[in-house]
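First residue of the sequence shown? That's 1 in full-length UniProt numbering, and the numbers climb one at a time after it.
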Amino acid sequence: MSGLRIPLSGPDGAGTDHAFNLLAPNPSEMTLDGTNTWVIGPTESGELGEEVIVVDPGPDDHEHLARVAGHLAGRRVAAILLTHGHHDHSGGAATFAGLVGAPVRALDPAHRLGEEGLGDGDVVTAGDLEVHVVGTPGHSFDSLCFWLPRDRAILTGDTVLGRGTTVIAPDGDLADYLRSLDRLRARAEGVGAEALLPGHGPVLPDPIGALDGYIAHRRRRLDQIREARRRGATTPPEIVEIVYADVDRSLWPAAEMSVRAQLAYLDG
Numbered sequence: 001m002s003g004l005r006i007p008l009s010g011p012d013g014a015g016t017d018h019a020f021n022l023l024a025p026n027p028s029e030m031t032l033d034g035t036n037t038w039v040i041g042p043t044e045s046g047e048l049g050e051e052v053i054v055v056d057p058g059p060d061d062h063e064h065l066a067r068v069a070g071h072l073a074g075r076r077v078a079a080i081l082l083t084h085g086h087h088d089h090s091g092g093a094a095t096f097a098g099l100v101g102a103p104v105r106a107l108d109p110a111h112r113l114g115e116e117g118l119g120d121g122d123v124v125t126a127g128d129l130e131v132h133v134v135g136t137p138g139h140s141f142d143s144l145c146f147w148l149p150r151d152r153a154i155l156t157g158d159t160v161l162g163r164g165t166t167v168i169a170p171d172g173d174l175a176d177y178l179r180s181l182d183r184l185r186a187r188a189e190g191v192g193a194e195a196l197l198p199g200h201g202p203v204l205p206d207p208i209g210a211l212d213g214y215i216a217h218r219r220r221r222l223d224q225i226r227e228a229r230r231r232g233a234t235t236p237p238e239i240v241e242i243v244y245a246d247v248d249r250s251l252w253p254a255a256e257m258s259v260r261a262q263l264a265y266l267d268g
């Protein structure tokens, strides 16, 4: 890999030699700066008809989807891939598919357009580029990551964010998530990954460090919840008040989702 592209002006354009980010205009406490839509293909000079892959078109925001389509400049979309089915990643997939005439491939059949699904071990190609699918359930039941060998980069969706930590959604599972982090960490080390390309937030140029940090954070939170229960907290809101006392209260509803997942893990 010739190096990461981390522009000084903002997330647009961040990525690697063959992964280009276009930021969706949906910033929030949960989505950080917005959803990262990734275009996988040559980023410096594309030729008419050349194949690319688009990962996570984002919400159904017509201006954003038209901007992504315009960025392709005549290149053909071989496939639209979804890291998972949450609306901030998949909401615009059907609209974008109509704009570019491409199938939508996802683990969850509810989000597919076309005959092919997407699952662990699959390899999707665009020209001479390969994208390898890695099953990483946990944040959601259908979460996937994508290994881009040409650039030694892993697209992580919401499994690993560019900053902060991931909430375990109601359709996710903490035990699955911990196993997925361990699996992703082993794979990153085994293949010599040099970058994580998240679904929200900036590129992470130290995959092993980021994954070690995520794993340690989860173990720490579980210890804190055990301690809160020893101190008499019994309900998720009571635990949030103790464990997340130093976190802005606007984030407490998301924290409560994670606490419920952590309690299910501890009591399972």
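Even glycine gets a Cβ: it sits at the ideal position worked out from N, Cα and C.
Residue burial classification, GLY10 (beta-carbon count within 10 angstroms, cutoff 16): Bear in mind that the predicted position of GLY10 carries a pLDDT of just 49, short of 50, making it unreliable; the figure below should be weighed with that in mind. Exposed is the call here.
ILE208, buried or exposed, once every other Cβ within 10 Å from all chains shown has been counted against 16: exposed
Neighbourhood of LEU251 by C-beta distance below 7 Å, restricted to the same chain and skipping five residues each side: GLU29
Reduced DSSP category for PHE141 - H, G, I as helix; E, B as strand; rest coil: coil
Supposed contact pair GLN262 and LEU222 - C-beta distance, whole angstroms, cut 8 Å: 6 Å
Of the listed residues ARG230, GLY85 and VAL39, nearest to ARG67 (C-alpha basis): VAL39
HIS18 versus PRO42 - alpha carbon distance: 5 Å
According to DSSP, residues forming a beta bridge with GLU130: THR125
Nearest to HIS87 (by Cα), restricted to the options ASN26, ALA78, GLU116 and ASP182: ASN26
Presumed contact (8 Å Cβ cut-off) between HIS111 and LEU81, rounded CB distance: Between LEU81 and HIS111 the Cβ distance is about 11 Å, and since that is not below 8 Å, they are no contact.
Residue range of the alpha helix (DSSP H) that includes VAL191: 174-191
Residues near LEU118 in its chain [Cβ-Cβ closer than 7 Å; skip 5 each side]: LEU81, ARG105, ALA106, LEU107, VAL133 and LEU144
Beta-carbon proximity check, ALA126 vs ILE53, cutoff 7 Å: yes
Start and end residues, beta strand (DSSP E) containing GLY213: No beta strand (DSSP E) contains GLY213, which is instead part of the alpha helix (DSSP H) from 207-230.
Residues that DSSP places opposite LEU32 in a beta bridge: SER28
According to DSSP, residues forming a beta bridge with ARG76: GLU51
Opening and closing residue of the beta strand (DSSP E) in which GLY98 lies: No beta strand (DSSP E) contains GLY98, which is instead part of the alpha helix (DSSP H) from 93-100.
LEU266, buried or exposed, once every other Cβ within 10 Å from all chains shown has been counted against 16: exposed
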